[in-house]
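First residue of the sequence shown: -11, per the working numbering; consecutive thereafter.
Just so it is clear, CB atoms sit at the ideal spot from N, CA and C, and this is done for glycine as well.
See structure below.
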Amino acid sequence: MHQYLFYIGDFPIRAYGLVLSLSIILATGVGYFLTKADGRGYEKYIVDLGIYCGVAGLLGARLWDVFFFDWDYYGHHLTELLNVWQGGMAIQGGVFLGVLTGVWYCHRHHLDTVHLMDVLAPAIILGQALGRCANLLNGDAFGAPTGSSFGIIYPTTTLAYHTYGDQPLWPAEVWEGQLDVVIFALLLLFRTTNHAKGQCFALYVMLYSLARFGLEFLRGDYTEKVLGLVTSAQATSITAFLIAAIFFIGLQLYGKKPKKIRTNPGHKV
């Protein structure tokens, strides 16, 4: 686990930033593949969409964390607002602002927004999975102490070590990344079914919310309870799951199944 890969002069090249950038690039690449296979010609928009949504997602994740979780600190240290390597990126905010930006982009270019959200849902969760690798390398989004010899012991330079010392911690971010890969595969499988438009994205929200709700019991950061019952991330997960489930069921009952665009089988590329 190396936070710093190398230095250019006095400027550090951090593993966190590099892997996070790769997660956006690779998720955009997968999104390009999925939209090209979809056959509507939307792939020509994906690179621009990936840039806009990637930047918005990073900004949203940071601002969500700052204002909802860490304002007591950053309210007095405004110059550190963008110091993401200190820890402090909330995926809920990243998805929220990233999706809003995507909706704006689709509206501007007259694209079928809901259909494109369905197509890109697997790419989004894959980007989240790779992003958790960045968290592991940076020593944030860490778990609580396991109380045994099992667990991750983080380097002394990480936020996890500053919080719990050399106690073994649950590999919460590792398991979340692995579950995200499972969700990625399930969404690809669901895309092969005759589902209603909007259901794939709703399923993405439902599955990730379930995974995040469960893993929050192992997290060691942001452990304060809302109303003494659940963490803020669990409260967000419950709300997102219920809203997505209502849409999923409603679309199943009343939504229209999309017509598949088929290419001419005699055409050769």
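How many angstroms separate the CA atom of residue i from the CA atom of residue j?
| i | j | result |
| --- | --- | --- |
| Glu31 | Arg96 | 16 Å |
| Trp158 | Gly238 | 38 Å |
| Thr89 | Trp52 | 15 Å |
| Val18 | Leu174 | 15 Å |
| Val257 | Ala190 | With a pLDDT of only 43 at Val257, under 50, the local geometry of the prediction cannot be trusted, and the value read off the model is given with reservation. Approximately 34 Å, taken between the alpha carbons. |
| Phe138 | Glu212 | 25 Å |
| Val35 | Gly42 | 10 Å |
| Leu104 | Thr23 | 8 Å |
| Ala223 | Leu203 | 13 Å |
| Val54 | Ile79 | 12 Å |
| Ser220 | Val214 | 6 Å |
| Thr251 | Tyr20 | With a pLDDT of only 47 at Thr251, under 50, the local geometry of the prediction cannot be trusted, and the value read off the model is given with reservation. Their backbone Cα atoms lie some 18 Å apart in a straight line. |
Of the residues the options, which one's Cα is nearest the Cα of residue i?
| i | options | result |
| --- | --- | --- |
| Asn182 | Ser11, Phe84, Trp92, Gln240 | Gln240 |
| Glu164 | Ser137, Gly139, Gln116, Gly19 | Gln116 |
| Leu147 | Leu124, Ser197, Ser137 | Leu124 |
| Leu167 | Ser197, Gly139, Phe138 | Ser197 |
| Ile141 | Asp154, Gly135, Thr134, Ala132 | Asp154 |
| Ala232 | Glu212, Gly29, Thr151, Cys188 | Cys188 |
| Leu195 | Pro156, Glu204, Ala221, Ser225 | Ser225 |
| Ile39 | Val170, Thr219, Phe205, Ser9 | Ser9 |
| Ile234 | Val193, Tyr210, Phe205 | Val193 |
| Thr180 | Thr101, Thr145, Ala25, Ser11 | Ala25 |
Between residue i and residue j, how many whole angstroms is the CB-CB distance? I'm expecting something under 8 Å.
| i | j | result |
| --- | --- | --- |
| Ala160 | Phe130 | 7 Å |
| Phe172 | Leu114 | 5 Å |
| Gly48 | Gly81 | 4 Å |
| Gly(-3) | Asp106 | Rounded, the Cβ-Cβ distance is 46 Å, inconsistent with contact. |
With a Cβ-Cβ cutoff of 8 Å, do residue i and residue j count as a contact?
| i | j | result |
| --- | --- | --- |
| Gly86 | Gly45 | yes |
| Ala184 | Gly243 | yes |
| Ala132 | Gly208 | yes |
| Ala122 | Tyr(-5) | no |
| Thr111 | Ala228 | Note that residue 111 is Ala in the sequence shown here, rather than Thr. No, the pair does not count as a contact, with Cβ atoms beyond the cut-off. |
| Met77 | Arg120 | no |
| Tyr33 | Leu108 | no |
| Tyr149 | Pro143 | yes |
| Leu176 | Val7 | no |
### Task
For the stretch 188 to 255, list the alpha helix (DSSP H) runs that are entirely contained and at least 4 residues long, ordered along the chain.
220 to 242
### Query
At what residue ranges does the stretch -8 to 60 contain a whole run of the alpha helix (DSSP H), taking only runs of 4 or more?
3 to 26, 34 to 56
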